[in-house]
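So for the sequence shown, the working numbering puts the first residue at 10; every next one is plus one.
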Amino acid sequence: MSMSMSMSMSMAVEGCDYVRVDHDGGMLACLVIDRPHKRNALDRAGWHALGTALTRLGADRNLRCLIVTGVPGAFCAGDDIPAFAAVQDDAVARQGYWDTIMRCYAAISAVPVPVIAAIDGPCIGGGCTLALRADFRIAGPEASFAVPPARLGLVYPADSTALLAHVVGDSFARYMLYSGQRIGAERAVSTGLAMDAGASSGLAMARELAMEFAHSAPLSVRASKLVLNAVAAGKLDQVRDEVELLSHLAEQSADRREGTAAFKAKRLPKFSGN
Numbered sequence: 010m011s012m013s014m015s016m017s018m019s020m021a022v023e024g025c026d027y028v029r030v031d032h033d034g035g036m037l038a039c040l041v042i043d044r045p046h047k048r049n050a051l052d053r054a055g056w057h058a059l060g061t062a063l064t065r066l067g068a069d070r071n072l073r074c075l076i077v078t079g080v081p082g083a084f085c086a087g088d089d090i091p092a093f094a095a096v097q098d099d100a101v102a103r104q105g106y107w108d109t110i111m112r113c114y115a116a117i118s119a120v121p122v123p124v125i126a127a128i129d130g131p132c133i134g135g136g137c138t139l140a141l142r143a144d145f146r147i148a149g150p151e152a153s154f155a156v157p158p159a160r161l162g163l164v165y166p167a168d169s170t171a172l173l174a175h176v177v178g179d180s181f182a183r184y185m186l187y188s189g190q191r192i193g194a195e196r197a198v199s200t201g202l203a204m205d206a207g208a209s210s211g212l213a214m215a216r217e218l219a220m221e222f223a224h225s226a227p228l229s230v231r232a233s234k235l236v237l238n239a240v241a242a243g244k245l246d247q248v249r250d251e252v253e254l255l256s257h258l259a260e261q262s263a264d265r266r267e268g269t270a271a272f273k274a275k276r277l278p279k280f281s282g283n
């Protein structure tokens, strides 16, 4: 069983012509934002499409890894400010827009397989928030990051603030939030906000990283991600029963037997997810 490096199928997400899923027909999918004239900033339709695609991909039992990226030159410049401003004075529409964004954030956090944000160019505001919810952020040489609510007169969501501090540490999170300043790839890597793609693009490095997960048992990875996400959110006690169930399923699984056989034979395992 192998993971293809090329995406053989591409499909736009219903309701939005600039969010698409590129799929290799097997274990790897790439969720792409393709709105270059807006540096991949998302309006409400885009946030909804992204959330819908994340939920569907998370339910795909064949999927082993998901890459989220933008077209070359940008990852995501966050929310489409004019689109949000258009509903600013309509309380119902504004809340609906905000709820759509929050559902998208929840959807990427809930994907049970490893999620890699491949970042080439700006990763700003809501784009940075989106990337923070991935398991890994791979920064290409031209990647840049910023959390600019203080420059817009807004307040960063509490759970996103906590997650930023968890990833980069309290002091640097304060700097990013208080200043709204943009930081480059090298500094992002030094703080732990991102991994370095070196001379490669973020997407190329993300695909290489995804290959490393191809031979891991899906139940094992799912349980590990569940625990790590719960620790980051301070909610470990809430997932103990689910982790225990996953542990029991893993012990009884065909994959556990395959893993043992592969270890004895000194070969790579061929896990099926069962």
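We put the CB at the ideal spot given by N, CA and C, even for glycine.
Local conformation of valine 240 per DSSP, three classes: The sequence position of residue 240 within the sequence shown is 231, counting from 1. In this structure, valine 240 counts as helix in the three-state DSSP scheme.
Residue span of the beta strand (DSSP E) that contains glycine 60, given as start and end: As a position in the sequence shown, residue 60 is number 51, starting the count at 1. DSSP places glycine 60 in no beta strand (DSSP E) but in the uninterrupted alpha helix (DSSP H) bounded by 53-67.
C-alpha distance - leucine 186 paired with alanine 100, whole-angstrom precision: To locate residue 186, count along the sequence shown from 1; it is residue 177. To locate residue 100, count along the sequence shown from 1; it is residue 91. Each residue's Cα considered, the two are about 26 Å apart.
Among Gly87, Val96 and Gly24, the one whose alpha carbon lies nearest that of threonine 61: As a first step, residue 61 is located in the sequence shown; it is residue number 52 there, counting from the start. The residue with the shortest Cα to Cα distance from threonine 61 is Gly24.
Per-residue DSSP class, three states only, for aspartate 43: Position 34 of the sequence shown, counted from the start, is the residue given in the question as residue 43. DSSP, read as helix, strand or coil, puts aspartate 43 in coil.
Every unbroken alpha helix (DSSP H) inside the segment 142-178 [4 residues or more]: List check, alpha helix (DSSP H) in window: 158-161 and 167-177.
Given 8 Å, three or more beta-carbon pairs between the segment 73-89 and the segment 128-147: Between the segment 73-89 and the segment 128-147, the count of Cβ pairs shorter than 8 Å is three or higher; the stretches touch.
Neighbour-count burial assignment, phenylalanine 9, 16 or more Cβ in a 10 Å radius: As shown, the chain starts at 10 and ends at 283. That puts residue 9 outside it, with no answer to give.
Range of the contiguous alpha helix (DSSP H) that encloses leucine 105: Taking the first residue of the sequence shown as 1, we reach residue 105 at position 96. At residue 105 the sequence reads glycine, which differs from the leucine that was named. Segment 100-119, the alpha helix (DSSP H) holding glycine 105.
The segment 91-99 / the segment 146-155 touching (three or more Cβ pairs under 8 Å): The answer is no - the segment 146-155 does not touch the segment 91-99, with fewer than three Cβ pairs under 8 Å.
Neighbour-count burial assignment, leucine 40, 16 or more Cβ in a 10 Å radius: Locating residue 40 in the sequence shown gives position 31, counting from the first residue. Buried is the label assigned to leucine 40, since at least 16 other Cβ atoms lie within 10 Å of its Cβ.
Buried versus exposed, by CB contacts within 10 Å (16 or more), methionine 14: Along the sequence shown, read from residue 1 onward, the residue named residue 14 stands at position 5. Low per-residue confidence applies at methionine 14: pLDDT is 44, beneath 50, and the placement is therefore not dependable, though the value from the model is reported in the following sentence. So methionine 14 counts as exposed.
Residues of its chain near phenylalanine 280, where Cβ-Cβ distance is below 8 Å and the 5 sequence neighbours each way are ignored: Reading the sequence shown from its first residue, position 271 is the one you call residue 280. Hits under 8 Å: Met10, His224, Ser225, Ala226, Pro227, Asp264, Glu267 and Gly268.
Where asparagine 283 falls: helix, strand or coil (DSSP): For the purposes of this step, residue 283 is taken as the residue at position 274 of the sequence shown. In this structure, asparagine 283 counts as coil in the three-state DSSP scheme.
Alanine 148 and alanine 102 closer than 7 Å at C-beta: The residue given as residue 148 occupies position 139 in the sequence shown. The residue given as residue 102 occupies position 93 in the sequence shown. In this structure, alanine 102 does not lie closer than 7 Å to alanine 148 by Cβ.
Own chain, CB closer than 6 Å to methionine 12, minus 5 neighbours either side, in chain order: If you number the sequence shown from 1, residue 12 lands on position 3. In this predicted model, methionine 12 has a pLDDT of only 41, less than 50, meaning its place in the structure is not dependable; the value taken from the coordinates is given anyway. In chain order, Met36, Leu37, Met220 and Ala223 place their CB closer than 6 Å to the CB of methionine 12, counting only its own chain and leaving out the 5 sequence neighbours on each side.
CB contact check: serine 210 to chain B, cutoff 7 Å: In the structure shown, chain B cannot be found, because there is only a single protein chain.
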